[in-house]
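Enquirer: Below you'll find the structure I mean.
Shown next as structure tokens:
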């Protein structure tokens, strides 16, 4: 025999910034995606699963003269030919798919997509280089009825996965209204326009007064640093502040406030008309302002969109790590972006859509106790006699046939304590025990592990002696008794 | 305004060997995975979703001195540091995960995994570089009860997704028995042993006589080429042939035949004992030989495994592209491989598992007509008057609230023919029409598109005039009538 050369053992770890998902992290997400799918389906949306790998050219984020175009994405070169990359979102692939197949796709094309995306960014706490996205978009519909539909669908999704009306708000705004405001300000300089957009984006953080300072002379940060302002006069800043704070006591009032801020601007008026139409669509659809409403202070990502934008947030409070209460915040966002397919075909194609933060929603539901952090595990059939594995397997088969999650302990059965430790690790509700004497008497023992662990914490000696957490039943009653015991546990 | 430099438009296509999945291709697979998950869950298996990107070192398929180790995988270098790659299967990541987390995982660890894998191979017809795998493995269980469990679970999976008993067979064999045969042949030379393995792997294609020729002097191929043999004598070849053809009229006979072929070999005897134990486990579990049986002629992939191996095939006939009948063939396979984790930790860890070919199963079910190739689409509410979009959206909302898949036509409504074309493309069962005169009279028209398309093919002029495929109902009965019409369609 040739002696193998000793080599260093490989390290058992994921690459930096990547992670694995275990057990309920996977199954609860998958259940949630199933629920979301059923809502998308009811709205006539159909599934699309595009290739995870795209040509860099089709993703289209890179400068043509960069030798290795992997800024922000994971890219590699195929045999000195094309550069290819892992998709960084689900929207760029949708554009490619629509351009490639538009003659065979329905028009408008309502599609949903769920899957991993990859970003070549610096990983940090809770920030991974591979994560899930869950999108729904309508391509080829210019009418804002499509935007309203997305908002109503989002409302249905949230309620279907267990967030009742009152625990969330879907807020709608419009990039066109903002453009109207900028037009009215007479701000021609693109640099200044962009600066105003970036400032508006800080509204959530710095508030009305902060935005006014940043639009004007500048602002002393809470850290003590002085942030230069854009240098607008107070009069020039007024329309921006009027826009951001134009939410009134009801939708009619909000719209009339907005109309004032854009009076004289055609694009601004169109923007308000569109918001009015959306408000009317959702109202007639039966979605009150407790679910969906126009709110001009929604500014996140406004720069990217070309028309209506929407954001869903959870309004209930949770405790943060420091123990103080805070609102849970945003769980979904989207809007209209009308130049999706143009780079491929030269034709403008209207599109609107939403991206749902599934992992954030799961966190929210866990923190509210609406889904279990560690659900009940399988019934474990223990092995008292390794020669009788067949008997134990038969018990597990019987239980499974009755729809009960069950398994035989398949490790080394020598140490019975290890078997119970295993059952504990699996969060098993019940352990089945059939030793020699039980077998002879035609009985089995069923150990209630949940009651057992309660007693272990608090029982008196008398209670212990009674051993109420372990009962004897005749073998033939296995399924029946397990079923009734599980019913009282779950 | 600065004029944009004209650049070549990007090509809208996937990289070579990659593809997109549309609509039912995605939703039917996802439904099937849901069904499979529910069976895996009932057996106590838990989900694992490992990172799609692994270090090349952890995947461990490559020579250390190759500059770009991308043979067979998609790999790239991270910032002049580690080489990383897309996973090429779900087993190598399982080994890494188990080595990394073994102190926190239950032992034995039953896990299932479903997801894409990537192979950097030459693409061909029906052969893609990204495809799905659906695995279940038990790590840390040396007892063949674990293998039996996998086989029973596989049987449950097949029946649950719609392949009844009689339409499939799960065949079980053992690598240890084969090793016993090789031992008895006195074949010490590793090169010759490997050659025998490769020859055995051709049994399905060339049959008993062919294997005998290839083990001996060689064989004239059907193409006219002469394939050199291994040069064994007839007497040396006998045990191999005896092994391959040892299936008897029942399990007892098969096992006794096998016992003869390995008499005197310890490993061979252990192999037969294990097959006997598996046969006994599945029998007691209620799985007859019509579902699971020992068959020594199962040889696919035998070389890779260390103990029992299993293969599931569909036994019904389908028509191939040429129109001739053939058996559908293999849809799942697996077995025991006991050196999974060793390269990371130095310790041998027993493991056994299965991989299910989900896309092949979907093809089989479609070909048998057990799942729809194009299922019924959404009800389409047409737009006769673009000023009344709100009314049409309200109809869609009403239908959806009743659980009916429905949508408003959101394209340009000018051409009504395009709306019906759209409905047709979506395979819609019904179109709702409410023009000016209908609105005035408080009615709507419901067009039965399926009956309409039947009539269009075969109706007489009289039948046409009656227009039975289009009915008028009062607006308030929309949901009720649509519901009852859908019931008669589906």
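Chains as they are written, first to last, in the numbering used here: chain D, 2 to 491; chain S, 2 to 491. Cβ coordinates follow ideal geometry from the N, Cα and C atoms, glycine included.
Name, please, each residue of chain D whose Cβ falls closer than 8 Å to the Cβ of residue 273 of chain S.
Expert: By Cβ distance, chain D contributes nothing, its closest Cβ being about 17 Å from residue 273 of chain S, past 8 Å.
Enquirer: Near residue 147 of chain D, what residues of its chain come up, given a Cβ to Cβ distance below 6 Å and the 5 sequence neighbours on each side ignored?
Expert: If we look at residue 147 of chain D and ignore the five residues flanking it on each side, its Cβ neighbours are 139 and 353.
Enquirer: Of the residues D:208, D:221 and D:220, which one's Cα is nearest the Cα of residue 243 of chain D?
Expert: Among D:208, D:221 and D:220, the Cα nearest to that of residue 243 of chain D belongs to D:208.
Enquirer: List the residues of chain S whose Cβ lies closer than 7 Å to the Cβ of residue 54 of chain D, in chain order.
Expert: Under the 7 Å cutoff, chain S gives 16, 19 and 131.
Enquirer: Comparing C-alpha positions only, which one of S:172, S:329, S:269 and S:232 sits nearest to residue 252 of chain S?
Expert: Comparing Cα-Cα distances from residue 252 of chain S to each of S:172, S:329, S:269 and S:232, the minimum goes to S:172.
Enquirer: Pair every Cβ in the region 270–278 of chain D with every Cβ in the region 253–262 of chain D, then say whether three or more of these pairs are closer than 8 Å.
Expert: In short, these stretches touch, since the Cβ pair count reaches three.
Enquirer: Counting only beta-carbon separations shorter than 7 Å, does residue 191 of chain D have a partner in chain S?
Expert: Chain S contact via Cβ: absent.
Enquirer: On the three-pair Cβ rule with 8 Å, is the region 112–127 of chain D touching the region 365–379 of chain S?
Expert: Contact fails: fewer than three Cβ-Cβ distances are below 8 Å.
Enquirer: Which of the three DSSP states is assigned to residue 68 of chain D in this structure?
Expert: Confidence is the limiting factor: at residue 68 of chain D the pLDDT is only 48, short of 50, which leaves the residue's position unreliable and the question unanswerable from this model.
Enquirer: Which chain S residues are close to residue 354 of chain D, counting only those with a beta carbon under 7 Å from its beta carbon?
Expert: Within 7 Å Cβ-Cβ: nothing; residue 354 of chain D doesn't reach chain S, min ~13 Å.
Enquirer: With DSSP collapsed to three states, give me the class of residue 75 of chain S.
Expert: Three-state DSSP puts residue 75 of chain S in coil, outside helix and strand.
Enquirer: For residue 203 of chain D, which three-state DSSP category applies?
Expert: Coil.
Enquirer: Is the region 31–48 of chain S touching the region 24–42 of chain D in the sense that three or more CB pairs, one from each, lie closer than 8 Å?
Expert: Because the criterion of three Cβ pairs below 8 Å is met, the region 24–42 of chain D and the region 31–48 of chain S touch.
Enquirer: Would you decide whether residue 81 of chain D is buried or exposed? Buried here means 16 or more other CB atoms lie within 10 Å of its CB.
Expert: It is exposed - the Cβ of residue 81 of chain D has fewer than 16 other Cβ atoms within 10 Å.
Enquirer: Could one say the Cβ of residue 63 of chain S lies closer than 7 Å to chain D's Cβ atoms, at least one of them?
Expert: Because residue 63 of chain S sits at a pLDDT of 48, beneath the cut-off of 50, its placement in the model cannot be relied upon, and the point is left open.
Enquirer: Could you tell me which of D:131, D:201, D:94 and D:174 sits nearest to residue 360 of chain D, measuring between CA atoms?
Expert: It is D:131 whose Cα lies nearest to the Cα of residue 360 of chain D.
Enquirer: Taking CB distances under 7 Å as the criterion, tell me whether residue 345 of chain D reaches chain S.
Expert: Judged by the 7 Å Cβ criterion, residue 345 of chain D is in contact with chain S.
Enquirer: Does the beta-carbon of residue 177 of chain S have 16 or more other beta-carbons within 10 angstroms, so that it is buried, or is it exposed?
Expert: Buried: at least 16 other Cβ atoms inside 10 Å.
Enquirer: Could you tell me which chain S residues have their CB closer than 8 Å to the CB of residue 188 of chain D, listed as they occur along the chain?
Expert: Under the 8 Å cutoff, chain S gives no residues; its nearest Cβ is about 15 Å from residue 188 of chain D.
Enquirer: Going along the chain, which residues of the region 30–55 of chain S sit with their C-beta nearer than 8 Å to a C-beta in chain D?
Expert: Those would be 31, 35, 38, 42, 43, 44, 45, 47, 48, 49, 50, 51, 52, 53, 54 and 55, in chain order.
Enquirer: Per DSSP, residue 139 of chain D is paired with what?
Expert: Paired residues: D:111 and D:353.
Enquirer: Could you name the residues of chain D that residue 1 of chain S contacts, counting a contact when the two beta carbons are closer than 8 Å?
Expert: Here chain S covers residues 2 to 491 and nothing more, so residue 1 of chain S does not appear.
Enquirer: Comparing the C-beta of residue 146 of chain D with each C-beta of chain S, is any distance below 7 Å?
Expert: Output row for residue 146 of chain D: interface = yes.
Enquirer: Check whether the Cβ atoms of residue 97 of chain D and residue 13 of chain S lie closer than 7 Å to each other.
Expert: Yes. Within cutoff.
Enquirer: Could you tell me whether any Cβ in chain D is nearer than 7 Å to the Cβ of residue 160 of chain S?
Expert: Closer than 7 Å: no.
Enquirer: Sort D:333, D:213 and D:241 by Cα distance to residue 228 of chain D and report the nearest one.
Expert: The shortest Cα separation from residue 228 of chain D among D:333, D:213 and D:241 belongs to D:213.
Enquirer: Using a Cβ cut-off of 9 Å, pull out every chain S residue sitting near residue 1 of chain D, in sequence order please.
Expert: Limits of chain D in this structure are 2 at one end and 491 at the other, which puts residue 1 of chain D out of reach.
Enquirer: Just mark residue 475 of chain D as buried or exposed, buried being the case when its beta carbon has 16 or more other beta carbons within 10 Å.
Expert: Result: exposed.
Enquirer: Taking only the alpha-carbon atoms, compute the straight-line gap between residue 221 of chain D and residue 95 of chain D and give it to the nearest angstrom.
Expert: Using only the alpha carbons, I get a separation of about 43 Å.
Enquirer: With distance defined between alpha-carbon atoms, name the residue in D:290, D:400 and D:264 nearest to residue 250 of chain D.
Expert: It is D:290.
Enquirer: I'd like to know if residue 84 of chain S contacts chain D, where contact means its C-beta is closer than 7 Å to some C-beta of that chain.
Expert: It does not; no Cβ of chain D falls within 7 Å.
Enquirer: Thinking just about the alpha-carbon of each residue, which of D:233, D:325, D:319 and D:232 is nearest to the one in residue 365 of chain D?
Expert: Measuring from the Cα of residue 365 of chain D, the nearest candidate turns out to be D:319.
Enquirer: Could you name the residues of chain S that residue 24 of chain D contacts, counting a contact when the two beta carbons are closer than 7 Å?
Expert: In chain order: 47 and 48.
Enquirer: Beta carbons nearer than 8 Å to chain D: which residues of the region 413–440 of chain S have them?
Expert: So the list reads 413, 423, 426 and 427, given in the order they occur along the chain.
Enquirer: So which residues of chain D does residue 379 of chain S contact, with C-beta pairs closer than 7 Å?
Expert: Simply 45.
Enquirer: Is there a C-beta anywhere in chain S that falls below 7 Å from the one on residue 476 of chain D?
Expert: So no, residue 476 of chain D is outside the interface.
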